[in-house]
Amino acid sequence: WATCDVIRFTPNGSMLLAVGEDKVVHNWPTPGGATLGPHSTLSWNTFREQRGSIYALAVSPGGGEYAVGGYGRLSGDVAVIRADTGKVIGAVTAGVPKAPYQSSAAVWALAYNPSGSELAIGTGSGGVWTCPVVAGRPVPEKARAVVRAEAEPTTGSRVLWVGYATGDRLMYATRGGGVY
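In this note's numbering, the protein residues as written are 5 to 184.
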């Protein structure tokens with residue numbers, strides 16, 4: 005068995021999604037409160053050992069795309085998957101240019117803004133990034149650091165939650181107890 009790290013419902017409540025260290029997105033239909041039945045899985049490019057583990061999941065406001073991140077191909081990888089086809093339609097890396105394989109830079113938090121036009125990314129090294137989204141796809145060349153990752157991250161640096169408050173105000177919380 006693998007650890008389940010995130011559980012989310014789609015915006016309309018029709019699907020329950022779960023991700024974790026088994027490297028796939030499990031999705032169950034939730035018809036009218038009935039007992040969950042058989043489910044299907046969606047996956048991103050996976051690798052051996054810890055690489056490919058999914059620690060973060062965000063569902064676009066319209067429910068058509070799922071963003072997943074974790075300890076991907078490179079540290080800081082996020083893939084966007086179409087809900088209806090299960091195909092990866094885009095990707096972005098929350099930059100770790102000097103240490104692309106640094107495990108502390110894994111993605112631990114993801115959130116779409118209310119309009120779905122931006123994706124926020126929180127990393128284990130304390131970095132927070134935003135990436136524009138156009139027609140469901142991230143625009144990686146326009147991704148930018150909002151909070152720079154710490155040079156010597158600790159476990160308290162890890163960004164465990166990102167989200168948007170009223171007026172698209174980006175907020176985040178760290179494992180060390182800070183809320184910003």
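Each residue gets a CB set at the ideal place from its N, CA and C atoms; glycine is no exception.
Use the C-beta contact count for residue i: other C-beta atoms within 10 angstroms, 16 or more gives buried, fewer gives exposed.
| i | result |
| --- | --- |
| Gly-130 | buried |
| Lys-190 | Nothing about residue 190 can be reported from this structure: the residues present for the chain run from 5 to 184 only. |
| Pro-118 | exposed |
| Arg-162 | buried |
| Ala-153 | buried |
| Glu-122 | buried |
| Gly-126 | buried |
| Asp-81 | buried |
| Pro-35 | exposed |
| Thr-178 | buried |
| Ser-18 | exposed |
| Ala-155 | exposed |
In whole angstroms, what is the alpha-carbon distance linking residue i and residue j?
| i | j | result |
| --- | --- | --- |
| Asp-189 | Glu-25 | The displayed coordinates of the chain run from 5 to 184. Any statement about residue 189 would go beyond what the structure contains. |
| Ala-169 | Gly-128 | 22 Å |
| Pro-65 | Val-132 | 20 Å |
| Asp-88 | Gly-68 | 7 Å |
| Arg-12 | Leu-61 | 8 Å |
| Val-72 | Tyr-184 | 23 Å |
| Ala-124 | Thr-7 | 24 Å |
| Gly-140 | Pro-15 | 15 Å |
When DSSP labels each residue in this structure, what does residue i get in the three-state scheme?
| i | result |
| --- | --- |
| Thr-159 | helix |
| His-171 | Reading off the sequence shown, one finds Gly at residue 171, where the question assumed His. Of the three classes helix, strand and coil, the one that applies to Gly-171 here is helix, per DSSP. |
| Ala-109 | helix |
| Phe-13 | strand |
| Pro-136 | strand |
| Pro-35 | helix |
| Glu-145 | helix |
| Glu-25 | coil |
| Glu-154 | coil |
| Thr-127 | strand |
| Thr-178 | strand |
Could you pull out every unbroken beta strand (DSSP E) segment of at least 3 residues lying fully inside the stretch 57-102, listed in chain order?
-> Counting whole runs of 3 or more residues, the stretch 57-102 contains the beta strand (DSSP E) stretches 57-63, 69-75, 79-86 and 92-97.
Would you call the stretch 83-98 and the stretch 134-149 in contact, with 3 or more CB pairs under 8 Å?
-> A contact exists between the stretch 83-98 and the stretch 134-149.
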